[in-house]
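Residue numbers (this note's numbering), protein chains in the order written: chain A, 1 to 100; chain B, 1 to 167.
Before any comments, here is the structure.
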Amino acid sequence: MVPTSYFLVLSAVLFGLGVIAFIFKRNILTVFMSIELMLNAVNLAFVTFSRSLGQLQGQVFVFFVIVVAAAEAAVGLAIIILIHRNRRTLDVENVDSLKD
Amino acid sequence: MITPQIAVFLVLAAVIVAGALSLILQRHPIHSALSLVVVMVALAGLYLLQGAEFVAAVQVIVYAGAIMVVFVFVIMLLNAGEEERANVSRWARFVGVPLGAVFLVEVAYWIGRATAHLDPAPAEAVSTRDLSTLLFREYVFPFELTSFLILIALLGALVLARREESN
Chain A
1 MVPTSYFLVL
11 SAVLFGLGVI
21 AFIFKRNILT
31 VFMSIELMLN
41 AVNLAFVTFS
51 RSLGQLQGQV
61 FVFFVIVVAA
71 AEAAVGLAII
81 ILIHRNRRTL
91 DVENVDSLKD
Chain B
1 MITPQIAVFL
11 VLAAVIVAGA
21 LSLILQRHPI
31 HSALSLVVVM
41 VALAGLYLLQ
51 GAEFVAAVQV
61 IVYAGAIMVV
71 FVFVIMLLNA
81 GEEERANVSR
91 WARFVGVPLG
101 AVFLVEVAYW
111 IGRATAHLDP
121 APAEAVSTRD
131 LSTLLFREYV
141 FPFELTSFLI
151 LIALLGALVL
161 ARREESN
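Below is the structure:
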């Protein structure tokens, strides 16, 4: 069997890469995708602990995370469409009216 | 000692990390989206490796299927082009990036060490029946709440994306 720690290290690396993408990317769609990447890293940790502790609750929580991610994608992409319609840009650097 | 399972894990982990790096390095959003699909399918393989078959199926169908289709659809709808090259300051490039890499490696190292004693449970097949029993007995109220959440999210997306009549 694959040791539990392997999966957890991969989960941490994946989450870190998601954070890096979230900070470095400038396209608002890619920023949104990096959030999905982080959610996936958390799901991996949930499934790993579920197996390691021999409990099924972790997998149930993964379902809830996936459902919330779907809801978030629906609302978030609607907001992105709205931003594009109002400002004609997808660059997060140009959406800065809260700065002024 | 590399067992077949560990070999499969290493291959899938390499695919996942490469996909995530590709998501960061690609300039065009559609390439990033396709990299994310690769990451999600490889993650489904890892779930299979851990005996979570139903989660793997849901991962492929809902995540790699439905959610990413919506992403690609929006990218094409908005005609999203290449991202401009960010002018990263010299401080960020020569101090921030190495510090971030060191931090990432260190976190991964300590998580690996702290959890090294956790042995994987004996591989008992988790049947989808057990999972659904748990979901529809103990967690039936959160389950109904999530269906409500989806409904509200759909309504919100409709209201947000609707074109104003006056315009």
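Using N, Cα and C, we set each Cβ at its ideal position, and we do this for glycine too.
Being a predicted model, the structure only gives us computed values, none of them experimental.
| Check | Outcome |
| --- | --- |
| Tell me whether N79 of chain B sits in a helix, a strand or coil according to DSSP, three-state version. | coil |
| Could you say if the segment 5-25 of chain B and the segment 51-70 of chain B meet the contact criterion of at least three C-beta pairs nearer than 8 Å? | no |
| Does the pairing of the segment 68-80 of chain B with the segment 101-118 of chain B give three or more beta-carbon distances under 8 Å? | no |
| Any C-beta of chain B sitting closer than 8 Å to the C-beta of D96 of chain A? | no |
| Three-state secondary structure (DSSP) at D130 of chain B? | helix |
| Determine whether the beta carbon atoms of S50 of chain A and Q59 of chain A lie at a separation below 8 Å. | yes |
| Excluding sequence positions up to five away, which residues of its chain have a Cβ less than 8 Å from the Cβ of I80 of chain A? | I28, L29, F32 and L90 |
| For D119 of chain B, which residues does DSSP report across the bridge? | Note: D119 of chain B sits in no beta bridge, so no partner. |
| Closer than 8 Å, Cβ to any Cβ of chain D: which residues of the segment 12-28 of chain A, in chain order? | Chain labels in this structure do not include chain D; the protein chains are A and B. |
| Quick one: which chain B residues come within Cβ less than 8 Å of T4 of chain A? | T115, L118, D119 and P120 |
| Please identify the residue among B:S22, B:H28 and B:A153 whose C-alpha is closest to the C-alpha of L14 of chain A. | B:S22 |
| In angstroms, rounded to a whole number, what distance separates the CA positions of G156 of chain B and V75 of chain A? | 6 Å |
| Which value, in whole angstroms, describes the spacing of the CA atoms of I35 of chain A and L36 of chain B? | 11 Å |
| Quick check on K99 of chain A: buried or exposed, where buried means 16 or more other Cβ atoms within 10 Å of its Cβ? | exposed |
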